[in-house]
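Enquirer: Just so you know, we're using the working numbering here: the sequence shown kicks off at 30 and counts up by one.
Backbone N, C-alpha and C fix where the C-beta goes; we use that ideal spot for every residue, glycine too.
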Amino acid sequence: MLDRLQDQPADKILMLMQSFKEDPRDGKLDLGVGVYKDADGNTPVMRAVKEAERRILEAQTTKAYVGLAGDPAYTAAMRELVLAGSVASDRVAAVATPGGTGAFRQGVDLVRLANPGVTFHVSAPTWPNHLSILKTTGTPFVEYRYFDAATGEVDVDGMMADLEKVSEGDVVLLHGCCHNPTGANLTGEQWSGVAELLAQKKALPFVDIAYQGFGDGLDADAAGTRILAGTQPEMLIGASCSKNFGIYRERTGILFGIGDASDTKTTQGNMNHLNRQNYSFPPDHGARVVSTILDDAGLRADWQAELEEMRTGMLDLRRQLAEELRQRTNSDTFDFIARHRGMFSRLGIDADKVEAMRRDYGVYMVGDSRINVAGLNARTVPQLAEAIAKTCG
Ligand code: LMR
């Protein structure tokens with residue numbers, strides 16, 4: 030039986046991680062996978078996370094199962110963090126999931142339970158794993174225009190024109206903030222326009238929010254998601270704590286299903302059922318760390334302060350890189366890097382130049398020219414700018 034299996038296509042982000050590891054050169058630069066690194070190149074355990082773990086270790090008396098939806102303290106704290114008061118809580122069903130990827134997968138399975146023939150609309154481009162999960166589950170999808178490579182900004186007219194073609198009941202996948210891979214995001218006004226159009230089309234928005242707090246701040250980054258939650262009869266949200274709590278390997282995410290209050294119980298039951306079918310109980314440790322932090326004023330303040338340091342550090346790196354490139358290329362071609370938000374920016378460089386930068390300068394970025402800004406530091410920004418200028422000049 031197993032001899033009938035075919036090789037699966039490699040995940041390009043994970044493949045890049047491996048090639049970087051195998052490269053023996055000193056001074057190589059890893060701008061591939063979306064992991065935050067500090068000025069020394071480390072991915073630290075955040076202070077509040079360490080303290081929450083210490084408290085949990087001391088106080089925890091059992092490792093017995095929690096409910097299928099996860100710990101209610103976690104789902105309530107996350108509902109508040111992501112949605113604030115934008116929607117009545119009796120309209121929100123929620124399950125803990127293994128990371129934001131688990132939330133996306135469970136959301137896809139949920140809509141397919143309701144409508145097996147459902148079509149997804151995804152931004153061009155989107156996170157490659159979105160596409161791969163849609164393919165794995167046999168879910169048809171079409172792309173809507175999103176990124177204007179010439180300006181490095183969102184192609185809003187193209188996006189709205191393509192969303193005009195959405196049919197009733199279709200799912201429209203949106204990145205809540207810090208768009209991955211481009212770094213280009215909608216303004217508040219543009220989110221309102223999208224909300225109006227989707228309500229009119231009776232489409233179901235599905236927001237993937239994996240970087241809340243990495244762009245313009247915790248509330249600003251959730252603003253688009255909250256506009257939708259306040260205006261749409263139904264929506265799905267997949268959120269991740271990997272980045273903003275720095276607990277990547279703990280696999281901590283959540284899926285929200287928002288609908289009419291009279292449907293919440295059944296939606297919740299279906300989400301619990303999907304957890305049971307796919308992996309039974311969701312992981313608890315990361316979720317408990319998150320609720321311990323969010324429910325304690327002191328820990329929460331310290332977490333927010335450290336997250337804010339990370340966010341403003343990334344903005345400084347963006348400004349520095351744009352400035353270095355301005356000087357080296359004598360042009361404003363790369364100014365969009367300073368306007369982008371989150372970990373990523375798509376540079377708009379051809380694949381052969383991306384390959385040349387890896388070969389000649391040991392700079393690793395995803396083949397579509399996505400860089401992880403959080404993989405840089407003040408010392409390596411000039412190194413990257415030099416490599417880009419030499420390769421593309
Ligand atoms: C990324 O896009 O690099 C991150 O979301 C990590 C991943 O799993 O791909």
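#1: Spell out a yes or no on whether the region 281-300 and the region 41-59 are touching, meaning 3 or more CB-CB pairs, one atom from each, closer than 8 Å.
#2: Since Arg375 contacts Thr211 with CB under 8 Å, what's their CB separation in whole angstroms?
#3: To test your reading of the DSSP string, which unbroken alpha helix (DSSP H) runs of 4 or more residues are found completely within the region 35-74?
#4: Where Asn8 and Thr168 are concerned, what is the direct C-alpha to C-alpha distance, given to the nearest angstrom?
#5: Is there at least one non-hydrogen atom of the ligand LMR closer than 7 Å to the beta-carbon of Asn214?
#6: Along the chain, where does the alpha helix (DSSP H) that runs through Asp138 open and close?
#7: If you follow the alpha helix (DSSP H) that Arg305 is in, where does it begin and where does it stop?
#8: My output table needs one value for Arg347: the three-state DSSP class, helix, strand or coil.
#9: Which residues mark the beginning and the end of the alpha helix (DSSP H) in which Arg317 is found?
#10: For Gly222, which residues of its own chain have a beta-carbon under 7 Å away from its beta-carbon, when the five flanking residues on both sides are left out?
#11: Spatial neighbours of Arg120 within its chain, please: CB distance less than 8 Å, with the 5 preceding and 5 following residues excluded, ordered by chain position.
#12: Considering only the alpha carbon of each residue, which of Met30, Leu45, Glu225 and Trp220 lies closest to Gly391?
#13: Quick test of the definition: if touching needs 3 or more C-beta pairs under 8 Å, does the region 245-265 touch the region 77-93?
#14: Since Asn482 is in the beta strand (DSSP E), which residue starts that stretch and which ends it?
#15: Taking 8 Å as the cut-off, decide whether the C-beta atoms of Gly99 and Ala125 are in contact.
#16: Check whether the region 382-401 and the region 309-329 are in contact - that is, three or more C-beta pairs closer than 8 Å.
#17: At a cut-off of 7 Å, would you count Ile238 as near the ligand LMR, judging by its Cβ distance to the nearest heavy atom?
#18: Where DSSP assigns a beta bridge to Glu193, which residues make up the other side?
#19: Counting only the same chain and skipping the five closest in sequence on each side, list residues whose C-beta sits under 7 Å from that of Gln261.
#20: Under 7 Å: does the beta carbon of Asn273 sit that close to some heavy atom of the ligand LMR?
#21: Report yes if the C-beta distance between Ala239 and Thr281 is below 8 Å; otherwise report no.
#22: Work out the CA separation of Glu263 and Glu197 for me, nearest whole Å.
#23: Alpha carbon to alpha carbon, how far is Ser115 from Ala178? Give it in angstroms, no decimals.
#24: Hey, Ser269 and Gly128 are a contact pair by Cβ (cut 8 Å); roughly how many whole angstroms apart?
#25: Tell me the rounded alpha-carbon separation between Arg54 and Leu354.
#26: Counting along the chain, where does the alpha helix (DSSP H) carrying Ile378 start and finish?
#27: I want to check one thing, is the minimum distance from the CB of Gly146 to the heavy atoms of the ligand LMR below 7 Å?
#28: Does Phe365 come out as helix, strand or coil in the three-state DSSP assignment?
#29: Just confirm the distance between the C-beta atoms of Gly63 and Asn209, as a whole number of angstroms; I'd bet it's less than 8 Å.
#30: To the nearest whole angstrom, what separates the beta carbons of Gly484 and Ala232, a pair I think is in contact under 8 Å?
#31: For the putative contact between Ile276 and Val78, defined by C-beta atoms under 8 Å, what is the C-beta separation to the nearest angstrom?
#32: Let me know the secondary structure DSSP gives Glu263 once reduced to three states.
#33: What's the call for Asn359, buried or exposed, on a 16-neighbour Cβ count within 10 Å?
#34: Checking the sheet assignment: what are the DSSP bridge partners for Ala102?
#35: Helix, strand or coil: which one does DSSP assign to Gly282?
Expert: Judging by the given coordinates:
#1: no
#2: Along the sequence shown, read from residue 1 onward, the residue named residue 375 stands at position 346. Along the sequence shown, read from residue 1 onward, the residue named residue 211 stands at position 182. The Cβ separation is near 4 Å, so the contact holds.
#3: 41-51
#4: What is shown of the chain runs 30 to 422, which leaves residue 8 out entirely.
#5: Taking the sequence shown and counting its residues from 1, one reaches residue 214 at position 185. The answer is no for Asn214.
#6: Translated into positions along the sequence shown, residue 138 becomes position 109. Residues Gly128 to Ala143.
#7: Within the sequence shown, numbered from 1, the residue matching residue 305 stands at position 276. Thr293 to Asn307 is the extent of the alpha helix (DSSP H) around Arg305.
#8: Here residue 347 corresponds to residue number 318 of the sequence shown, with the count starting at 1. Note: Arg347 maps to helix in three-state DSSP.
#9: Within the sequence shown, numbered from 1, the residue matching residue 317 stands at position 288. Note, Arg317: alpha helix (DSSP H), His314 to Leu323.
#10: Translated into the one-based positions of the sequence shown, residue 222 becomes position 193. The residues are Met189.
#11: The residue given as residue 120 occupies position 91 in the sequence shown. Here the set comprises Ile287, Gly288, Asp289, Ala290 and Thr293.
#12: For the purposes of this step, residue 391 is taken as residue 362 along the sequence shown, with counting starting at 1. Residue Leu45 is the option with its Cα nearest to Gly391.
#13: no
#14: The structure shown does not extend to residue 482, since the chain is modelled only from 30 to 422, so the question has no answer here.
#15: In the sequence shown, counting from the first residue as 1, residue 99 sits at position 70. In the sequence shown, counting from the first residue as 1, residue 125 sits at position 96. Their beta carbons are under 8 Å apart, which means Gly99 touches Ala125 by this criterion.
#16: no
#17: Translated into the one-based positions of the sequence shown, residue 238 becomes position 209. No, Cβ of Ile238 sits at least 7 Å from all heavy atoms of the ligand LMR.
#18: Numbered from its first residue, the sequence shown carries residue 193 at position 164. Glu193 pairs with nothing; no bridge assigned.
#19: For the purposes of this step, residue 261 is identified with residue 232 of the sequence shown, where counting begins at 1. Same-chain partners within the cutoff: Ala224, Leu227, Ala228 and Pro234.
#20: Taking the first residue of the sequence shown as position 1, residue 273 is located at position 244. Flag unset: Cβ of Asn273 not near the ligand LMR.
#21: One-based indexing of the sequence shown puts residue 239 at position 210. One-based indexing of the sequence shown puts residue 281 at position 252. No.
#22: Within the sequence shown, the letter at position 168 stands for residue 197. Within the sequence shown, the letter at position 234 stands for residue 263. For Glu197 and Glu263, the distance between alpha carbons rounds to 12 Å.
#23: As a first step, residue 178 must be located in the sequence shown, where it is residue number 149. As a first step, residue 115 must be located in the sequence shown, where it is residue number 86. Each residue's Cα considered, the two are about 34 Å apart.
#24: Within the sequence shown, the letter at position 240 stands for residue 269. Within the sequence shown, the letter at position 99 stands for residue 128. With 8 Å as the limit, Ser269 and Gly128 qualify as a contact, their Cβ atoms being about 6 Å apart.
#25: Here residue 54 refers to the residue found at position 25 of the sequence shown. Here residue 354 refers to the residue found at position 325 of the sequence shown. Taking the straight line joining both Cα atoms gives about 24 Å.
#26: As a working mapping, residue 378 is identified with position 349 in the sequence shown. Where Ile378 is concerned, there is no enclosing alpha helix (DSSP H), given that its DSSP letter is neither H nor E.
#27: Here residue 146 is taken as the residue at index 117 of the sequence shown, counted from 1. No, since every heavy atom of the ligand LMR falls outside the 7 Å radius drawn around the Cβ of Gly146.
#28: Taking the sequence shown and counting its residues from 1, the one referred to as residue 365 is at position 336. Three-state DSSP puts Phe365 in a helix.
#29: The residue given as residue 63 occupies position 34 in the sequence shown. The residue given as residue 209 occupies position 180 in the sequence shown. 7 Å between Cβ atoms; contact.
#30: Here the chain covers residues 30 to 422 and nothing more, so residue 484 does not appear.
#31: Counting from 1 along the sequence shown, the entry for residue 276 is found at position 247. Counting from 1 along the sequence shown, the entry for residue 78 is found at position 49. Indeed they touch by this definition, with Cβ atoms about 6 Å apart.
#32: Position 234 of the sequence shown holds residue 263. If DSSP states are grouped into helix, strand and coil, Glu263 belongs with coil.
#33: The count along the sequence shown starts at 1 and reaches residue 359 at position 330. So Asn359 counts as exposed.
#34: One-based indexing of the sequence shown puts residue 102 at position 73. According to DSSP, Ala102 bridges with nothing at all.
#35: Here residue 282 refers to the residue found at position 253 of the sequence shown. Strand at Gly282.
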